[in-house]
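*Asks:* One structure, as structure tokens, below. Some questions next.
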Amino acid sequence: MDTNERELKEVLLGGETLTVEFKSDIKPIPDRELVAAVVALANTEGGTLLLGVEDDGTVIGVHPNHQDPSGLAALVSNRTNPSIAVRADLLDIDGERILRIQVPKTRSIVSTSEGLLLRRRLLASGKPEAVPFYPHEFIQRQSSLGLVDPSATPLTSLTIEALNPLERQRIRESIRRYGGDTSLLPLADEELDGALGLVTSVEGVPRPTLAGLLIMGREEILRQHVPAHEIAFQVLEGTDVRSNEFFRKPLLQTFEEVELLFKARIDEQEIQVGLFRVPIPNYDRRAFREAFINALVHRDYSRLGAVHVRLDDDGLTISNPGGFVEGITLHNLLVTAPRSRNPLLADIVKRIGLAERTGRGIDRIYEGMLRYGRPAPDYAMSDATSVVLMLPKSGADTGFLEMILRHEEQTGTAMPIDSLIILSRLRHERRLTTADLTTDTQKSEQATRTALEKLVEAGLVEAHGTGRGRTYTLSAKVYRQTGQEAAYVRQAGFDPIQQEQMVLKFIEKHGTIKRADVADLCKISPFQATRLLKRLTKDGRIATKGKGKGTVYERRT
7 MDTNERELKE
17 VLLGGETLTV
27 EFKSDIKPIP
37 DRELVAAVVA
47 LANTEGGTLL
57 LGVEDDGTVI
67 GVHPNHQDPS
77 GLAALVSNRT
87 NPSIAVRADL
97 LDIDGERILR
107 IQVPKTRSIV
117 STSEGLLLRR
127 RLLASGKPEA
137 VPFYPHEFIQ
147 RQSSLGLVDP
157 SATPLTSLTI
167 EALNPLERQR
177 IRESIRRYGG
187 DTSLLPLADE
197 ELDGALGLVT
207 SVEGVPRPTL
217 AGLLIMGREE
227 ILRQHVPAHE
237 IAFQVLEGTD
247 VRSNEFFRKP
257 LLQTFEEVEL
267 LFKARIDEQE
277 IQVGLFRVPI
287 PNYDRRAFRE
297 AFINALVHRD
307 YSRLGAVHVR
317 LDDDGLTISN
327 PGGFVEGITL
337 HNLLVTAPRS
347 RNPLLADIVK
357 RIGLAERTGR
367 GIDRIYEGML
377 RYGRPAPDYA
387 MSDATSVVLM
397 LPKSGADTGF
407 LEMILRHEEQ
417 TGTAMPIDSL
427 IILSRLRHER
437 RLTTADLTTD
447 TQKSEQATRT
457 ALEKLVEAGL
467 VEAHGTGRGR
477 TYTLSAKVYR
487 QTGQEAAYVR
497 QAGFDPIQQE
507 QMVLKFIEKH
517 GTIKRADVAD
527 LCKISPFQAT
537 RLLKRLTKDG
547 RIATKGKGKG
557 TVYERRT
């Protein structure tokens, strides 16, 4: 079975998804229906259309009329507006021939040449369907692609009377409190509104922008003109609801009130590190602030639904309507350049001081969990319609925190996020390779290896082996500081001389030894076991017996 056929079988077994569509072609399928299916994919996430496959994944073969890939690609190009360039190829599977059409995700809204606009969505059952793409939904698509800034849109039906002057004073107080852009403080009210983009001129008349209304709008005006604006704060103990508050007030006022509710549920203990007492909260305040602001700023205000902040037995969950913007995925959150669905609103909260000025608030969220020895933030529940952040409820590892604090005191700098991620993984999984860690750092093997070697130089990590078999563990110093000396011995393994003696004693007792036995006995990789056996053979202490998988080693006589 070649690679194409194997990949195709996996797609068929996976069934139809948001990015995979099956089309029967017995009759054959009308060109209009085929082009409509391509348009629906292009207006969503792109994907693959398999022609000649039933909805249940049964391969029935493509009709003779559709066995010209180049002709079909030309048909799609001519029957879409703007034209979609698809890739089509014929594939053989289970004795049948099918046509695979690969559809790109477009950066503009596409229709059929007849003006039919479609997109794909998932039903509650998880099955996809093609539905009409209505004009009021265009803004969602364009903002997710970063083509428009909804928050900069002037609200031409409103005047500046829709803005509450008291909120302007709140802006100034926030700049002072959170260390925002102090150059804004001396500005007159009108100058401040213009500098932040709260108000813009439309035909000579000052009109509030959507961002301006969200920051300074009167509550009754917000309810009428931004019905999607809502924040829910919930506290649950088991199935009992302890708090269930809803807010439709301007963003700064809402942020302050929700933060007060959150702070009331912070419990702290203290530890002594050197001359200082260090507080350990059950939830890091700065991580909460960045996560909550992210949800308010990056949500989709054209999509109904509240921003939810929920504290329960599992931890803290913050969710917002609207998936990740174009270019951001679960696999590049930590490394991609900052992007926002609402750039003007994001800029305002940064200049006020509420959000990280560099746009790297995600780093603060990770730092707020990992430095206390807690699990990493979890975005796994996010999908195309919402971003969901889970900060698991977990006790702090005070020994781990002390180790981080002492290192930062010695170096005079904060521990980099890469280093925190690596140390956290090694703390939980003990021994890992560079490749094991690249998924978590979201960087290349070279960049991850560089971060690892810096930790080795700092004495926090130890390297074992060389080349492809090189692995890493926390250092003896770290295990000693955290009171786990025995765990270090188990993970660090044995030095080369000890390994040789263990192999020879095994042979004395059992007569022969296999490579797998050596790897298991010495807690090393198969590659390292091979090198150890070759070294003993070269030294004349053991001899090889047999070939291939049946190879064993015995004492040389």
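Quick note: the sequence shown uses the working numbering, first residue 7, plus one each step. Glycine included, each C-beta is placed from N, C-alpha and C at the ideal position. Remember, predicted model here, so these are calculated numbers, not experimental data.
Does the pairing of the segment 275-294 with the segment 229-240 give three or more beta-carbon distances under 8 angstroms?
*Replies:* Segments in contact, no.
*Asks:* Tell me whether T518 sits in a helix, a strand or coil according to DSSP, three-state version.
*Replies:* Here T518 sits in coil by DSSP.
*Asks:* Just to check my reading of the structure: R174 and Q259 have Cβ atoms closer than 8 angstroms, yes? What is that Cβ distance to the nearest angstrom?
*Replies:* Their Cβ separation, rounded to whole angstroms, is 12 angstroms, which puts R174 and Q259 out of contact at 8 angstroms.
*Asks:* Let's see if you can read the secondary structure: which residues bound the alpha helix (DSSP H) around P214?
*Replies:* First-last for P214: V211 to P214, but that is the beta strand (DSSP E), not the alpha helix (DSSP H).
*Asks:* Within 10 angstroms of the Cβ of M7, are there 16 or more other Cβ atoms? Answer buried if so, exposed if not.
*Replies:* Caution is warranted here: a pLDDT of 47 is assigned to M7, below 50, making its placement in the model unreliable, and no coordinate value can be reported.
*Asks:* Tell me the rounded alpha-carbon separation between E457 and L257.
*Replies:* Here the sequence assigns Ala to residue 457, which means Glu is not the residue at that position. A457 and L257: Cα-Cα distance of roughly 39 angstroms.
*Asks:* What is the rounded straight-line gap between the Cα of P141 and the Cα of I410?
*Replies:* Near 53 angstroms, if we compare the C-alpha coordinates of I410 and P141.
*Asks:* Given this structure, state the Cα-to-Cα distance separating G21 from D61, to the nearest angstrom.
*Replies:* Rounded to whole angstroms, G21 to D61 spans 8 angstroms at the Cα level.
*Asks:* Start and end of the alpha helix (DSSP H) containing E102?
*Replies:* Unbroken run through E102 is the beta strand (DSSP E), E102 to V109; no alpha helix (DSSP H).
*Asks:* Taking only three categories from DSSP, how would you classify E243?
*Replies:* If DSSP states are grouped into helix, strand and coil, E243 belongs with the strands.
*Asks:* Could you tell me if A297 is buried or exposed, where buried requires 16 or more neighbouring beta carbons within 10 angstroms of its beta carbon?
*Replies:* Per the 10 Å Cβ criterion, buried.
*Asks:* In whole angstroms, what is the alpha-carbon distance linking N250 and L395?
*Replies:* Answer to the nearest angstrom: the Cα atoms are 19 angstroms apart.
*Asks:* First and last residue of the alpha helix (DSSP H) that includes A79?
*Replies:* Run containing A79: P75 to N84, per the alpha helix (DSSP H) assignment.
*Asks:* Counting beta carbon pairs with one atom in the segment 314-333 and one in the segment 193-200, are three or more of them shorter than 8 angstroms?
*Replies:* No, they do not touch.
*Asks:* I think H304 touches N338, with their Cβ atoms under 8 angstroms apart; what is that distance to the nearest whole Å?
*Replies:* In fact, because the Cβ distance is near 15 angstroms, the residues do not count as touching under 8 angstroms.
*Asks:* Determine which residues share a DSSP beta bridge with G333 and list them.
*Replies:* Note: G333 sits in no beta bridge, so no partner.
*Asks:* Given this structure, state the Cα-to-Cα distance separating L56 from D37, to the nearest angstrom.
*Replies:* Those two C-alpha atoms are separated by around 15 angstroms.
*Asks:* Using a Cβ-Cβ cut-off of 6 angstroms (strictly less than) and excluding sequence neighbours within five positions of R283, which residues of its own chain qualify?
*Replies:* Excluding residues within five positions, the ones whose Cβ falls inside 6 angstroms are E276.
*Asks:* Rounded to a whole number of angstroms, what is the C-alpha to C-alpha distance between L432 and Q108?
*Replies:* Those two C-alpha atoms are separated by around 41 angstroms.
*Asks:* Which runs of the alpha helix (DSSP H) spanning at least 4 residues fall entirely within the segment 169-212, listed in chain order?
*Replies:* Fully enclosed alpha helix (DSSP H) runs of 4 or longer: 171-184 and 195-202.
*Asks:* Any contact of the segment 537-557 with the segment 433-452, i.e. 3+ C-beta pairs under 8 angstroms?
*Replies:* Result no; under three Cβ-Cβ pairs closer than 8 angstroms.
*Asks:* Report yes or no: do the segment 156-165 and the segment 61-73 share at least 3 C-beta pairs separated by less than 8 angstroms?
*Replies:* Cβ pair count under 8 angstroms is below three, so no.
*Asks:* Going by C-alpha distance, which of D545, P502 and G546 is nearest L527?
*Replies:* Of D545, P502 and G546, the residue nearest in Cα terms is P502.
*Asks:* Within 10 angstroms of the Cβ of G121, are there 16 or more other Cβ atoms? Answer buried if so, exposed if not.
*Replies:* Answer is exposed; the Cβ neighbour count stays below 16.
*Asks:* If you pair each beta-carbon of the segment 149-162 with each one of the segment 210-229, do three or more pairs fall below 8 angstroms?
*Replies:* As far as the Cβ criterion goes, the segment 149-162 touches the segment 210-229, which means the pair count is three or higher.
*Asks:* Which word fits M387, buried or exposed, when buried means at least 16 other C-beta atoms lie within 10 angstroms of its C-beta?
*Replies:* Result: exposed.
*Asks:* What are the complete alpha helix (DSSP H) segments, minimum 4 residues, inside the segment 239-317?
*Replies:* The segment 239-317 contains these whole alpha helix (DSSP H) runs: 257-269 and 291-304.
*Asks:* Thinking C-alpha only, which one of A136, P75 and R103 is nearest E51?
*Replies:* The option with the nearest alpha carbon to E51 is A136.
*Asks:* Could you check whether L124 and P138 sit closer than 8 angstroms to each other, using their CB atoms as the reference points?
*Replies:* In contact: P138 and L124 (Cβ atoms closer than 8 angstroms).
*Asks:* What's the call for Q638, buried or exposed, on a 16-neighbour Cβ count within 10 Å?
*Replies:* With the chain covering only 7 through 563, there is no way to say anything about residue 638.
*Asks:* Check whether the Cβ atoms of R345 and I334 lie closer than 8 angstroms to each other.
*Replies:* Cβ atoms of R345 and I334: closer than 8 angstroms.
*Asks:* Nearest-angstrom Cα distance between P377 and L426?
*Replies:* First, the residue type needs correcting, since residue 377 is Arg and not Pro in the sequence shown. Distance between the alpha carbons of R377 and L426: 7 angstroms.
*Asks:* How many Å lie between A493 and A469 at the Cα?
*Replies:* Caution applies to A493, whose pLDDT of 42 falls short of 50 and renders its modelled position unreliable; the model cannot decide the point.
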